[in-house]
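Student:
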């Protein structure tokens with residue numbers, strides 16, 4: 012008996028349906044729901060980081076201000092940095108965009124490890140709550156987002172502040188590690204038939220690069236945090252010079268993680284740009300293989316530049332020139348991409364809708380931030396500018412320009428796919444311009460005031476140094492940026508409730524997600540497509556497809572050329588991820604209050620939870 | 119549902135679970151690489167190493183034990199490829215447990231001579247070894263778990279789990295080689 | 246050339262350059278740190294000789310990888326970038342690897358020459 016399409020869809024709808032209500036969200040393993048959970052949670056943290064930023068800008072609007080004192084200010088800039096990096100950008104790009112879009116773009120029904128995906132979200136959320144409990148309890152980390160020793164050691168940070176630093180980051184790092192492992196295996200193994208390596212969308216190359224970066228860089232941070240925790244709490248001496256340790260060790264381990272981390276921040280955003288540009292310029296990306304390898308190279312070479320953050324520490328130039336040399340060359344892959352993006356826009360037929368506006372703004376700000384970055388590779392210049400506002404200007408142009416702008420553009424671009432509604436274009440464009448003007452007003456004067464000698468991380472400054480007017484501009488810029496962001500989100504919220512229906516493919520986008528309904532059904536693809544291009548929605552041929560409509564089946568491909576390797580049965584909805592995250596949260600809480608006996612008990616609980624997790628086996632194939 | 123045939127051109131067909139273990143191996147290898155790097159970094163800065171008053175690391179016993187651990191790769195491989203895996207798994211588990219017990223004994227014995235709270239050498243020595251032994255302990259737990267599951271018969275899931283666990287053990291063996299050579303290195307090069 | 250040989254050359258071109266550069270990079274940094282630190286400085290490591298050796302070995306390996314990529318690129322010149330595997334994939338990796346290997350080669354030269362020319366262990 013042949014099944015009709017309607018029969019098949021009805022069966023898929025039934026089998027893939029989520030549990031209703033809140034319980035459905037708490038036990039979900041669907042990558043789209045996990046992606047949305049990440050989206051909303053990261054926005055809350057973004058808001059918190061924004062409040063911290065505006066508080067600092069208000070404190071700095073005039074000399075000798077007393078809105079907040081030095082202790083509070085220390086916690087503000089530390090937690091602002093940690094929040095924006097670890098609880099906004101990374102989880103937004105990899106957890107929200109990565110989780111939601113990657114299976115759709117490779118033609119899969121879910122991530123490779125759906126329950127582990129849910130686990131990574133609950134761990135991420137718990138780690139953020141953990142950090143902010145520390146902050147609101149008066150123990151917020153306060154030694155900078157890189158917490159250099161000896162400042163972060165027990166001697167100079169005697170209370171729990173640095174322990175909240177080490178433990179919240181270690182906890183958060185688990186989530187990112189799990190997400191990156193999931194993204195890698197999904198992109199390598201769950202591709203639709205026919206999707207060989209040269210047919211993987213550039214967004215997925217970017218996710219692959221960022222994930223490999225996280226997988227190999229986070230251990231360095233984990234080791235650093237472990238060492239600091241042991242020094243602080245068990246009397247070890249990794250960083251204690253008097254007993255054979257070294258403060259340089261902290262810095263090397265930190266920056267071996269820290270530098271790849273900053274590339275990890277921007278590479279997924281590059282991926283968003285490489286999808287938006289073809290869609291709104293009606294042409295394929297120029298130099299596809301070079302752009303793909305450039306995304307991987309930025310992260311790979313980025314592992315070799317870490318000590319350019321240590322040019323002012325007195326290390327021998329014999330060592331430092333390695334990093335100066337690699338830093339000069341790491342620019343090249345980024346430049347290749349900038350040329351490819353720009354030339355694709357010039358030679359295409361651009362439609363200047365809001366997503367493309369944000370991408371153009373991104374290119375402008377990324378180039379500006381990149382230029383100041385190259386200036387730092389000259390060791391003498393770096394030694395003058397270290398710890399001044401010039402550095403703050405540089406990295407905010409990069410992070411805000413190269414990570415946040417594409418995130419905003421991506422929100423607009425994929426809004427129709429996720430919600431099934433179109434956003435309102437006019438307010439979208441207005442939000443772009445307000446944010447663009449605001450961020451340039453906020454961050455550009457920082458270059459000047461840094462050159463004039465204003466150090467970073469100061470809670471106030473004296474008058475009469477020529478810094479005041481620039482600080483006023485920056486603070487005003489900050490408020491304007493905040494306003495623009497509010498307009499952006501107001502637009503998205505109103506559009507969600509009042510926007511016209513978008514249909515499946517309002518932009519005639521190039522990739523597979525535009526071939527399915529908006530919002531996508533739980534099972535994503537009714538039939539698994541066979542792919543003949545990285546621009547699967549722009550090809551004319553209709554090759555045979557896979558009908559997998561019994562159970563929760565997923566096509567598994569070979570690594571390189573995308574041939575069918577097997578059909579796997581995927582898990583669907585489970586309470587174990589949230590339970591395991593809860594047990595981990597309790598373990599970390601016991602560690603921060605030095606209750607090691609209870610911590611051991613929770614370690615046992617974790618082991619038992621893992622046993623439960625693996626108690627049910629997938630169905631045998633006939 | 120149409121029958122889906124494996125494409126004969128698909129040369130790489132490791133199961134998803136194997137790839138999951140591969141990701142774990144990658145990240146844990148980076149972890150150990152950083153700790154070993156830290157060891158040598160501090161070694162470059164400190165003379166004498168170990169510091170005066172701390173005994174030099176033993177060489178013969180650790181290397182012999184290392185050899186024994188390396189040999190367990192063979193029963194693990196047999197277990198993941200044989201039709202009667204339980205006996206091979208049991209053999210591996212017994213030898214691995216013996217290795218672990220001896221290492222824990224040595225660890226405790228070392229603590230009577232110097233502690234991690236005395237100096238950075240001690241801090242690194244015990245952290246590096248502790249991390250390695252911790253990974254061995256996790257391997258033992260995995261062995262017990264899969265052995266328990268296999269008491270109820272073989273399934274495709276359990277076969278794949280066995281492959282994944284064997285891969286985990288190969289990685290632990292390689293990491294233990296690196297760690298052992300690192301902590302015994304002061305005896306080879308002053 | 247058969248597709249098997251092309252594929253092999255393509256993998257050499259893609260997989261050799263990066264790891265060789267990174268290993269040489271870490272070895273070079275490690276050598277300079279070993280020479281310039283108090284305890285290990287007494288081991289008498291010949292800094293410049295070691296760096297020249299590392300640089301030469303790595304440069305040769307990367308040039309071989311570059312040559313392999315270039316050969317494959319030329320052999321598959323008429324292949325479109327979105328063509329079916331294996332030949333489409335082979336062409337893609339070859340094109341990508343040329344870019345990567347050129348960059349690795351430049352870093353090896355830059356860093357190797359700079360560390361030798363510089364006054365050894367001079368503090369920045």
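Protein chains in written order, with our numbering: chain A, 12 to 633; chain B, 119 to 308; chain C, 246 to 369.
Cβ coordinates follow ideal geometry from the N, Cα and C atoms, glycine included.
These numbers come from a predicted model, not from an experiment.
(1) DSSP three-state call for residue 626 (chain A): helix, strand or coil?
(2) Assuming residue 152 (chain B) contacts residue 65 (chain A) (C-beta within less than 8 angstroms), just tell me the rounded distance between them.
(3) For the beta strand (DSSP E) containing residue 566 (chain A), list its first residue and its last residue.
(4) Take residue 85 (chain A) as the anchor and find which of A:76, A:95, A:389 and A:67 has the nearest alpha-carbon.
(5) Could you have a look at residue 307 (chain A) and say whether DSSP puts it in helix, strand or coil?
(6) DSSP on residue 575 (chain A), reduced to helix/strand/coil?
(7) Apart from the five residues on each side of it in sequence, which residues of its chain come closer than 8 angstroms, Cβ to Cβ, to residue 217 (chain B)?
(8) Since residue 55 (chain A) is in the alpha helix (DSSP H), which residue starts that stretch and which ends it?
(9) Assign residue 421 (chain A) to one of two classes, buried (16 or more other C-beta atoms within 10 Å of its C-beta) or exposed (fewer than that).
(10) Is the separation between the beta-carbon of residue 585 (chain A) and that of residue 38 (chain A) shorter than 8 angstroms?
(11) What would DSSP say about residue 327 (chain C), mapped onto helix, strand or coil?
(12) Kindly say whether residue 238 (chain B), judged by its beta-carbon, lies nearer than 8 angstroms to any beta-carbon of chain A.
(13) In this structure, does DSSP put residue 368 (chain C) in helix, strand or coil?
(14) Is there at least one non-hydrogen atom of the ligand COA closer than 7 angstroms to the beta-carbon of residue 275 (chain A)?
(15) Is the CB of residue 567 (chain A) under 8 angstroms away from at least one CB in chain B?
(16) Excluding the five sequence neighbours on either side, which residues of its own chain have a C-beta within less than 8 angstroms of the C-beta of residue 274 (chain C), listed in chain order?
(17) Please name the residue, chosen from C:319, C:276 and C:292, that lies closest to residue 254 (chain C) on a Cα-to-Cα basis.
(18) For chain C, check one thing: does any of its Cβ atoms lie closer than 8 angstroms to the Cβ of residue 165 (chain B)?
(19) In chain A, which residues lie less than 9 angstroms from residue 255 (chain C) when you measure between Cβ atoms?
(20) So is residue 252 (chain C) in contact with chain B if we call contact Cβ pairs under 8 angstroms?
(21) Look up residue 632 (chain A) in the DSSP assignment and say whether it is helix, strand or coil.
(22) Where does residue 551 (chain A) sit, in a helix, a strand or coil, going by DSSP?
(23) Go through its chain and collect everything with a Cβ distance to residue 361 (chain A)'s Cβ below 7 angstroms, but skip five positions before and after it.
(24) Any idea what DSSP makes of residue 174 (chain A), helix, strand or coil?
(25) What residues of chain D sit near residue 363 (chain C), judged by a beta carbon separation below 7 angstroms?
(26) Using a beta-carbon distance below 8 angstroms, is residue 162 (chain B) in contact with chain C?
(27) Suppose the cutoff is 6 angstroms on Cβ atoms and the five residues either side in sequence are ignored; what does the same chain contact list for residue 120 (chain B) look like?
(28) Apart from the five residues on each side of it in sequence, which residues of its chain come closer than 7 angstroms, Cβ to Cβ, to residue 528 (chain A)?
(29) Give the range of the alpha helix (DSSP H) segment to which residue 524 (chain A) is assigned.
(30) For residue 632 (chain A), I'd like the list of residues in its chain whose CB is within less than 6 angstroms of its CB, leaving aside the five on either flank, ordered along the chain.
(31) To the nearest angstrom, report how far apart residue 358 (chain A) and residue 374 (chain A) are at their CA atoms.
(32) With three or more beta-carbon pairs closer than 8 angstroms as the criterion, would you say the segment 201-215 of chain A touches the segment 298-309 of chain A?
(33) Would you say residue 284 (chain C) lies against chain B (beta-carbon separation less than 8 angstroms)?
(34) What separation, rounded to the nearest whole angstrom, lies between the Cα atoms of residue 158 (chain A) and residue 173 (chain A)?
(35) Just to confirm before moving on: does the CB-CB distance between residue 263 (chain C) and residue 337 (chain C) stay below 8 angstroms?
(36) Assuming residue 105 (chain A) contacts residue 279 (chain A) under a Cβ cut-off of 8 angstroms, what Cβ separation, rounded to an integer in Å, is found between them?
Tutor: This is what the structure holds:
(1) In the displayed model, residue 626 (chain A) falls within coil according to three-state DSSP, outside both helix and strand.
(2) Incorrect: roughly 37 angstroms between the Cβ atoms, too far for contact.
(3) Element bounds for residue 566 (chain A): 564-568.
(4) Taking only the C-alpha atoms, the option nearest residue 85 (chain A) is A:67.
(5) Looking at residue 307 (chain A) - three-state DSSP - the assignment turns out to be helix.
(6) Strand at residue 575 (chain A).
(7) Closer than 8 angstroms at the Cβ level, and outside the excluded window around residue 217 (chain B), lie 183, 186, 187, 190 and 254.
(8) Where residue 55 (chain A) is concerned, the enclosing alpha helix (DSSP H) stretches over 42-70.
(9) Classification for residue 421 (chain A): buried.
(10) In this structure, residue 585 (chain A) sits near residue 38 (chain A), with a CB-CB distance shorter than 8 angstroms.
(11) Coil.
(12) With 8 angstroms as the cut-off, residue 238 (chain B) counts as an interface residue toward chain A.
(13) Three-state result, residue 368 (chain C): strand.
(14) This structure lacks the ligand COA, and indeed carries no ligand of any kind.
(15) Chain B, which has a Cβ nearer than 8 angstroms to the Cβ of residue 567 (chain A), makes this yes.
(16) Only residues of its own chain outside the window of five on either side were considered, and among them none has a CB closer than 8 angstroms to the CB of residue 274 (chain C).
(17) The closest CA to that of residue 254 (chain C), considering only C:319, C:276 and C:292, is found on C:319.
(18) It does: the Cβ of residue 165 (chain B) has a partner Cβ on chain C nearer than 8 angstroms.
(19) Here the premise fails: no neighbours, minimum Cβ distance about 10 angstroms.
(20) Interface flag for residue 252 (chain C) against chain B is unset, since no Cβ pair is found closer than 8 angstroms.
(21) Residue confidence for residue 632 (chain A) is low, a pLDDT of 49 falling below 50, so the modelled location carries little weight; the figure read from the coordinates is stated next. Three-state result, residue 632 (chain A): coil.
(22) In the structure shown, residue 551 (chain A) falls within a coil segment according to DSSP collapsed to helix, strand and coil.
(23) Take residue 361 (chain A), set aside five residues on each side of it, and the residues of its chain with a beta-carbon closer than 7 angstroms to its own are 291, 292 and 367, in chain order.
(24) The answer is helix: DSSP assigns residue 174 (chain A) an H, G or I state.
(25) Going by chain labels, chain D is absent from the structure shown, which instead holds the protein chains A, B and C.
(26) Closer than 8 angstroms: yes.
(27) Residue placement at residue 120 (chain B) is poorly supported in this model, since its pLDDT is 49, which falls under 50; the coordinates are not used for a value here.
(28) Leaving aside the five residues that flank residue 528 (chain A) on each side, the residues in its chain whose CB is nearer than 7 angstroms to its CB run, in chain order, 515.
(29) Counting along the chain, residue 524 (chain A) sits inside no alpha helix (DSSP H), nor does DSSP assign it H or E at all.
(30) With a pLDDT of 49 at residue 632 (chain A), under the threshold of 50, the predicted position of this residue should be treated as unreliable, though the coordinate-derived value follows. Excluding sequence neighbours, residue 632 (chain A) sits near nothing in its chain.
(31) Answer to the nearest angstrom: the Cα atoms are 16 angstroms apart.
(32) Two segments are said to touch when three or more pairs of C-beta atoms, one from each, lie closer than 8 angstroms; by this definition the segment 201-215 of chain A touches the segment 298-309 of chain A.
(33) Yes, residue 284 (chain C) counts as interfacial toward chain B.
(34) Approximately 8 angstroms between the Cα atoms of the pair.
(35) Against a cut-off of 8 angstroms, the Cβ pair of residue 337 (chain C) and residue 263 (chain C) comes out as no contact.
(36) Under the criterion of beta carbons closer than 8 angstroms, residue 105 (chain A) and residue 279 (chain A) qualify as touching, at roughly 6 angstroms.
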